[in-house]
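For the sequence shown, my numbering begins at 79 and goes up steadily by one. Every residue gets a Cβ at the ideal spot worked out from N, C-alpha and C, and that includes glycine. All of these numbers come straight from a predicted model, not from anything done at the bench. Contents: one structure, followed by commentary.
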Amino acid sequence: MTDDGHLAALITNATTWVLPVIFAVTFHEAAHGFIALRFGDDTALRAGRISLNPLNHIDPFGTVLLPALLLMTSGFMFGYAKPVPVNFGRLRPARLGMILVALAGPGMNVLLAILSSLLLFAVGFAPAIAQRWLGLNLAHLIVLNCVLCVFNMLPLPPLDGGRVAVGVLPRFLAVPLARLEPYGMLILMGLFVVSYVSARSGLGINPLGWLILGPANMLIRFVLLVTGQGA
């Protein structure tokens, strides 16, 4: 491939992953804030986080550096935004509010995946020069939203799935799980490191693959099936 061809491929790859990441994380976080407001907490509203402006949600590492590193090293992109501030003590009813606020982000990701899959039917009506680019954006939107949904639904605080688990489990199980929140991101980083080292050394130990990629692939197949894209 010539230098010009390599540059064009790099630009295409970057632009068809960057926009899906921005859309996925922006809508995810805004959904949390919107549902929190509906249940009585305006913290996200006052912080300007019930917004579809990506600049209000960007995290320097999770939305910029991490996706760039992943794209350069693996050709795949994943990212996250700044968590939306929620005062769970102001939600009424408190337990139901916490569960639904937590579910709002992953639920929005599933909705975006379904809408993206449906929009694939319209790609053929776009100008020929733009069809491949639009198709790749929509395909990446499906993949990213399904991966984000599954990742965020892991039952580990501070992820959304951890908050849902704390909300539905009996107190004797919910309390010790909630106490893991300060260590949740460290646990996740440990899983990332184990998966990366294992992949490089051929050990075959891939906890993130087992916990995320398998379920995400099932969700992708479900989205394609219900939208008429699957066999």
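- In this structure, the straight-line span from the alpha carbon of I283 to that of V275 is close to 9 Å.
- For L264, the enclosing alpha helix (DSSP H) begins and ends at 262–279.
- Between H106 and N187, the C-beta spacing is below 7 Å.
- For N165, the number of other beta carbons within 10 angstroms of its own is below 16, and it is reported as exposed.
- V99 places its beta carbon less than 7 Å from that of P145.
- For Q209, the three-state secondary structure derived from DSSP is helix.
- Assigned with DSSP and collapsed to three states, R241 falls in helix.
- When the five nearest sequence neighbours on each side are left out, the beta carbons in the same chain lying within less than 6 Å of the beta carbon of G239 are those of M231, L232, P233, in order along the chain.
- In the DSSP annotation of this structure, the continuous segment of the alpha helix (DSSP H) that includes V188 starts and ends at 172–197.
- Of I265, L264, A243, L266, the smallest CA-CA separation from L255 is found for A243.
- Looking only at L97, R249, L291, the smallest Cα-Cα distance to C227 is reached by L291.
- Check the Cα spacing between I89 and each of W211, A206, A114, A172: the tightest is with W211.
- Burial state of S279 is exposed, judged by a 10 Å Cβ sphere holding fewer than 16 other Cβ atoms.
- Rounded to the nearest whole angstrom, the C-alpha separation of L281 and V272 is 10 Å.
- According to the DSSP assignment, M296 belongs to the alpha helix (DSSP H) that extends over 292–304.
- If you compare the alpha carbons of M263, L197, V103 with that of V142, the shortest gap goes to V103.
- In terms of Cβ geometry, T94 and N215 form a close pair [threshold 7 Å].
- Contact between G262 and L303 does not hold, since the beta-carbon distance rounds to 33 Å and is not under 8 Å.
- Out of R127, Y158, D119, the CA that lies nearest to the CA of D137 is found in Y158.
- Counting only residues of its own chain and dropping the five nearest sequence neighbours on each side, M176 has a CB closer than 7 Å to the CB of F166, L169, R241, G245.
- The beta carbon of A191 is closer than 8 Å to those of L219, I220, N223, C224, C227, L297, I298, V301 in its chain, skipping five residues each way along the sequence.
- A straight-line Cα-Cα distance of about 26 Å links L181 and L198.
- At least 7 Å separates the beta-carbon of P171 from that of A122.
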